[in-house]
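56 is the number that full-length UniProt numbering gives to position 56 of the sequence shown; each next residue is one higher, with no gaps.
Note that beta-carbon positions come from the ideal geometry of N, C-alpha and C, so glycine has one too.
Just below is one structure, and these are the notes that go with it.
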Amino acid sequence: MPTAYGGAAAGTAGWRAPEILRGEVNVDMAALDVSNGGIGSSSSSGSGNATSGTRLTRSVDVFALGCLFFYVLSGGDHAFGDRFERDVNILRDEKRLGWLERLGEEGFEAIGLIEKMLSPDPRKRPDTTKCLMHPFFWTPSRRLAFLQDASDRFEIMERDPREPGLVALETGAVEIIGNDWQRRLDKMFIDNLGKFRKYDVTSVQDLLRALRNKKNHYQDLPDNVKRHLGPLPEGFLSYFTRRFPKLFSHVYSVVEGSSLQVEPMFRPYFVLEE
Numbered sequence: 001m002p003t004a005y006g007g008a009a010a011g012t013a014g015w016r017a018p019e020i021l022r023g024e025v026n027v028d029m030a031a032l033d034v035s036n037g038g039i040g041s042s043s044s045s046g047s048g049n050a051t052s053g054t055r056l057t058r059s060v061d062v063f064a065l066g067c068l069f070f071y072v073l074s075g076g077d078h079a080f081g082d083r084f085e086r087d088v089n090i091l092r093d094e095k096r097l098g099w100l101e102r103l104g105e106e107g108f109e110a111i112g113l114i115e116k117m118l119s120p121d122p123r124k125r126p127d128t129t130k131c132l133m134h135p136f137f138w139t140p141s142r143r144l145a146f147l148q149d150a151s152d153r154f155e156i157m158e159r160d161p162r163e164p165g166l167v168a169l170e171t172g173a174v175e176i177i178g179n180d181w182q183r184r185l186d187k188m189f190i191d192n193l194g195k196f197r198k199y200d201v202t203s204v205q206d207l208l209r210a211l212r213n214k215k216n217h218y219q220d221l222p223d224n225v226k227r228h229l230g231p232l233p234e235g236f237l238s239y240f241t242r243r244f245p246k247l248f249s250h251v252y253s254v255v256e257g258s259s260l261q262v263e264p265m266f267r268p269y270f271v272l273e274e
């Protein structure tokens, strides 16, 4: 495909990052320069730019990998539409990731990851380490632990006035949990839940609190309730995420988008320790 600079963009049509299509990055030259210890970018000269060139070529690879992730998860669809419109849609940043919502909780987590990988700004794309740290690849045990830690942290936040973290957590609550989250739960569970404390059925924080409390006291639950919830951790987590598929990704985005992510209790979820 001809670029704005009159050249030809290398790579497979429909799978190339927008900076390639605009002629801003020559991947072949950048890769060659980096491998030779050179400047790392066909548009730059001088020394000291190898790291920049490496970053550019890797961000291009992450974009293509994001397209591939969507292709695999969707069973052969493309994030940017039909074959002959893909390059145009890539330049316009017109992604179509909604198909993944039918996968439930994991679908929403996949959307969160792929959206970042397909960012039109190469500087905002995650590197491969951050991709692997994304909760899409977490085990049920790790996901459940994260929700518990988040609930614990939100519990100690100031409520009058509300801290920004609580405001963010409750923003868009209706879309996340509905008008009354108890309506999505079974009577058996609700009856047991209401024996010990009252909950605000319109609050994301209170749903997290209910999840945390029942996890902490799982062994004390009646056998019929435990069978209904399923075994720890996978069955228990699935009981909630099937009913609230957007819950985990919402809580994760609130923590990730704030200073909470650098706090000691959350840092292991976001940073790969040496």
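- Contact between residue 201 and residue 180 is confirmed by a C-beta separation of about 4 Å, below the 8 Å threshold.
- For residue 206, the enclosing alpha helix (DSSP H) begins and ends at 204-216.
- Put simply, of 72, 12, 17, 228 the residue whose alpha carbon is nearest the alpha carbon of residue 123 is 17.
- Using a Cβ distance threshold of 8 Å, residue 150 and residue 255 count as a contacting pair.
- If one requires a minimum length of 4 residues, the alpha helix (DSSP H) runs lying completely within the stretch 72-151 are 86-92, 105-117, 128-133, in chain order.
- At the C-beta level, residue 169 and residue 219 stay beyond 8 Å of one another.
- Rounded to the nearest angstrom, the Cβ distance from residue 117 to residue 63 is 6 Å, consistent with a contact under 8 Å.
- Within the same chain, Cβ atoms closer than 7 Å to the Cβ of residue 165 are found at 154, 157, 254, 258, 260, the five residues on either side in sequence being excluded.
- By the beta-carbon neighbour count (other beta carbons within 10 angstroms, threshold 16), residue 14 is buried.
- DSSP, reduced to helix, strand and coil, places residue 197 outside both helices and strands of the structure shown, so it counts as coil.
- The count of Cβ pairs closer than 8 Å, one atom from the stretch 92-110 and one from the stretch 132-142, reaches three, so the stretches are in contact.
- When secondary structure is reduced to three states using DSSP, residue 22 falls in the coil class, being assigned neither helix nor strand.
- Annotation: residue 92 to residue 84 spans about 14 Å, alpha carbon to alpha carbon.
- Rounded to whole angstroms, residue 242 and residue 100 show a C-alpha spacing of 15 Å.
- Buried is the label assigned to residue 245, since at least 16 other Cβ atoms lie within 10 Å of its Cβ.
- A check of alpha carbon separations from residue 131 across 248, 87, 59, 240 identifies 59 as the nearest.
- No residue range can be given for residue 271, since it is assigned to no alpha helix (DSSP H) and is classified by DSSP as neither H nor E.
- Between residue 184 and residue 20, the alpha-carbon positions lie close to 47 Å from each other.
- About 20 Å separates the Cβ atoms of residue 140 and residue 272, ruling out a contact at the 8 Å cut-off.
- Spatial neighbours of residue 103 in its own chain (CB-CB distance under 8 Å, excluding positions within 5 residues in sequence) are listed in chain order as 73, 110.
- DSSP places residue 159 in the strand class (E or B) of the three-state scheme.
- In the DSSP assignment, residue 223 falls within the alpha helix (DSSP H) that extends over 223-229.
- Take the alpha-carbon of residue 144 and the one of residue 267: they are about 16 Å apart.
- Per DSSP, residue 170 is one residue of the alpha helix (DSSP H) stretching across 164-170.
- Nearest to residue 215 by C-alpha distance, out of 265, 61, 79, 152, is 152.
- In this structure, 126 is the residue among 86, 126, 87 with its C-alpha nearest to the C-alpha of residue 57.
- Boundaries of the alpha helix (DSSP H) around residue 238: 234-243.
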